[in-house]
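Trainee:
Structure, rendered in structure tokens:
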């Protein structure tokens, strides 16, 4: 009787104890993280699909005119880009009433180090 009671208690305690950790493998052998990443990317693709479709339609409409613009203006724009070293030193382009487009250069600011030295003649270390 004691053996039966002890074996029953051991069986119940084994059933109540937590099972050993097992990897959550999917049907195709992918881990839970891989499946989560796949679901994330699938959802993202579904969300941006309409926007990509609209972009494709827009590009089919303006594509030919954009190609002709780049064929004509491409060399001139490349020449300007070669001459300008730092675009942050220029103001935004302006269109004048006669149709001319000008890009003004921003006024040069005095260097902070030069201004400090000029005031008292000493340099802070």
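Residue numbers (this note's numbering): 1312 to 1436.
We put the beta carbon where it would ideally sit given N, CA and C, even for glycine.
When DSSP labels each residue in this structure, what does residue 1367 get in the three-state scheme?
Mentor: The answer is helix: DSSP assigns residue 1367 an H, G or I state.
Trainee: List the DSSP bridge partners of residue 1416.
Mentor: DSSP lists 1401 as partners of residue 1416.
Trainee: Going by the CB atoms, is the gap between residue 1404 and residue 1391 shorter than 9 Å?
Mentor: No, these two residues do not count as a Cβ contact at 9 Å.
Trainee: Going by DSSP, what residues sit across from residue 1406 in a beta bridge?
Mentor: For residue 1406, which the question treats as bridged, DSSP gives the partners 1412.
Trainee: Using a Cβ-Cβ cutoff of less than 7 Å, which residues in the same chain neighbour residue 1374 once the five nearest sequence positions on both sides are dropped?
Mentor: Contacts found: none.
Trainee: Reducing DSSP to helix, strand and coil, say where residue 1341 ends up.
Mentor: Here residue 1341 sits in coil by DSSP.
Trainee: Could you tell me which of 1400, 1410, 1406 sits nearest to residue 1420, measuring between CA atoms?
Mentor: Measuring from the Cα of residue 1420, the nearest candidate turns out to be 1400.
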